[in-house]
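Shown next, in structure tokens, is the structure this report addresses.
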């Protein structure tokens with residue numbers, strides 16, 4: 314059913330429409346729950362790339378795709394293996410000269426998503442500093 318929905322949305326809305334990307338994400342979730350991690354990863358990467366391009370890197374749906382991709386890579390890797398996730402370059406926010414605080418670039422990501430991504434990136438950075446592969 315999810316494949317049919319995706320095919321219909323691709324045909325009618327196009328491959329980069331936000332609703333089509335939602336269908337890509339939904340199909341990836343179903344594939345993940347079936348244990349088809351390679352296919353799921355491919356679809357999660359597609360959803361992430363499309364959402365970054367269309368919605369921007371800080372949109373809640375894009376951050377959800379980051380988390381979903383990290384989850385499937387972690388499931389694929391198994392214990393003791395890191396898997397690979399392409400890291401996004403860090404973006405600097407413009408600073409407000411009046412109070413020296415970063416200016417917001419729009420709506421803030423959901424706290425739980427942001428915390429999950431930060432927790433995983435800190436853990437990976439710490440493991441790299443001591444010469445161990447990230448989990």
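In my numbering, the protein residues as written are 314 to 448.
Backbone N, C-alpha and C fix where the C-beta goes; we use that ideal spot for every residue, glycine too.
Could you tell me the alpha carbon to alpha carbon distance between residue i and residue j, rounded to whole angstroms?
i           : j           : result
residue 386 : residue 380 : 10 Å
residue 334 : residue 366 : 11 Å
residue 368 : residue 330 : 10 Å
residue 332 : residue 374 : 11 Å
residue 326 : residue 390 : 35 Å
Among the options, which one has its Cα closest to the Cα of residue i?
i           : options            : result
residue 355 : 368, 382, 327      : 382
residue 336 : 349, 321, 371, 348 : 321
residue 388 : 373, 368, 351, 361 : 351
residue 384 : 324, 319, 318, 344 : 344
Assuming residue i and residue j make a contact with CB atoms under 8 Å, what is their CB distance in whole Å?
i           : j           : result
residue 377 : residue 357 : Not quite, the Cβ-Cβ distance comes to about 10 Å (not below 8 Å), so this is no contact.
residue 316 : residue 340 : 6 Å
Does the ligand HEM have even one heavy atom less than 6 Å from the beta-carbon of residue i?
i           : result
residue 342 : You won't find the ligand HEM in this model; it holds no ligand whatsoever.
In terms of residue numbering, what span does the alpha helix (DSSP H) encompassing residue i cover?
i           : result
residue 369 : That residue, residue 369, is in no alpha helix (DSSP H); it is neither H nor E in DSSP.
residue 330 : No alpha helix (DSSP H) contains residue 330, which DSSP labels as neither H nor E.
Under the rule that 16 or more other beta-carbon atoms within 10 Å means buried, what is residue i, buried or exposed?
i           : result
residue 346 : exposed
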